[in-house]
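K.L.:
Residue numbers (this note's numbering): 393 to 641.
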């Protein structure tokens with residue numbers, strides 16, 4: 393990671409900016425960069441992402457706590473936390489026994505995230521049921537445990553709700569803050585919080601906060617639709633490249 397640290401931090405900055413503007417993408421973007429450019433270990437990056445997400449979410453959410461829909465957060469967490477433990481265990485197993493499959497799953501997830509980000513579903517007439525949020529939380533929790541990227545199912549579910557866009561984004565980031573805390577607790581209890589993870593996460597913090605501030609203060613001169621399309625193309629190309637590189641060995 394030493395020789396590639398600047399590239400890694402540049403990816404952190406870009407991902408943090410995109411996540412602040414769109415509501416998610418830091419984990420997806422950073423993992424794509426790490427896998428394509430061989431910037432480090434996927435498991436180390438996955439857990440370091442939790443440290444970055446805490447900082448990013450704090451910068452965006454803390455000044456806007458009144459915009460958070462806490463009922464939705466609580467319902468989603470009911471499904472998220474148990475499934476997250478399974479995701480962490482699955483990552484440990486795949487990293488030790490099936491790295492080929494791990495990289496294929498990552499490539500597929502990046503492509504799926506690009507599709508979700510580009511596809512803005514029509515809002516529902518009323519809020520989804522409690523069971524729907526819990527189910528979404530379960531899928532998101534497993535992906536959070538596996539890759540620290542539980543965003544795609546949450547993004548799809550939350551953007552369908554008849555709520556103001558700022559409420560949706562702030563609620564998502566509040567949820568990601570809490571799931572990052574939960575995953576760090578699970579990893580620590582499992583004995584997986586190494587000094588390398590703490591070092592990488594700590595080095596990234598001075599990059600995350602300014603990038604989040606820039607995303608809030610200076611959003612890109614693009615419409616939201618065009619921004620989503622641009623990120624969609626980037627993620628589709630990244631995910632496809634990871635799959636092709638893995639299949640070629």
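Ideal Cβ placement from N, Cα and C applies to all residues, glycine included. From a predicted model like this one, the values you see are computed outputs, not experimental measurements.
Run the CB neighbour count on residue 626, radius 10 Å, all protein chains shown included, and call it buried at 16 or more, exposed below.
P.N.:
With 16 or more other Cβ atoms within 10 Å, it is buried.
K.L.:
Can you list the alpha helix (DSSP H) stretches of 4 or more residues lying completely in the stretch 485 to 565, in chain order?
P.N.:
491 to 510, 522 to 539 and 543 to 551
K.L.:
Can you check which of these residues, 446, 614, 530 and 517, is closest to residue 601 by C-alpha distance?
P.N.:
446
K.L.:
So the alpha helix (DSSP H) residue 609 belongs to, where does it begin and stop?
P.N.:
587 to 609
K.L.:
Tell me which residues share the same chain as residue 453 and place their Cβ nearer than 8 Å to its Cβ, disregarding the 5 neighbours each side in the sequence.
P.N.:
460, 562, 565, 566 and 569
K.L.:
Does the ligand HEM have even one heavy atom less than 8 Å from the beta-carbon of residue 408?
P.N.:
The ligand content of the structure shown is nil, which means the ligand HEM is not present either.
K.L.:
Just to confirm my understanding: we take residue 393, look at its own chain, exclude 5 residues before and 5 after, and list those with CB closer than 6 Å. What are they?
P.N.:
Here residue 393 scores only 49 on pLDDT, less than 50, and its place in the model is too uncertain to base an answer on.
K.L.:
Could you work out which residue in 398, 414 and 575 is closest to residue 505 when comparing CA atoms only?
P.N.:
414
K.L.:
Starting from the Cα of residue 593, find the closest Cα among 438, 624, 515 and 465 and give me that residue.
P.N.:
438
K.L.:
Under the three-state reduction of DSSP, which class applies to residue 580: helix, strand or coil?
P.N.:
Helix, per DSSP.
K.L.:
What are the boundary residues of the alpha helix (DSSP H) that residue 399 is part of?
P.N.:
397 to 414
K.L.:
For residue 417, which of helix, strand or coil comes out of DSSP?
P.N.:
coil
K.L.:
With DSSP collapsed to three states, give me the class of residue 393.
P.N.:
Unreliable positioning characterises residue 393 in this predicted model, as indicated by a pLDDT of 49, which lies under 50. The coordinate reading is nonetheless provided below. Correct three-state label for residue 393: coil.
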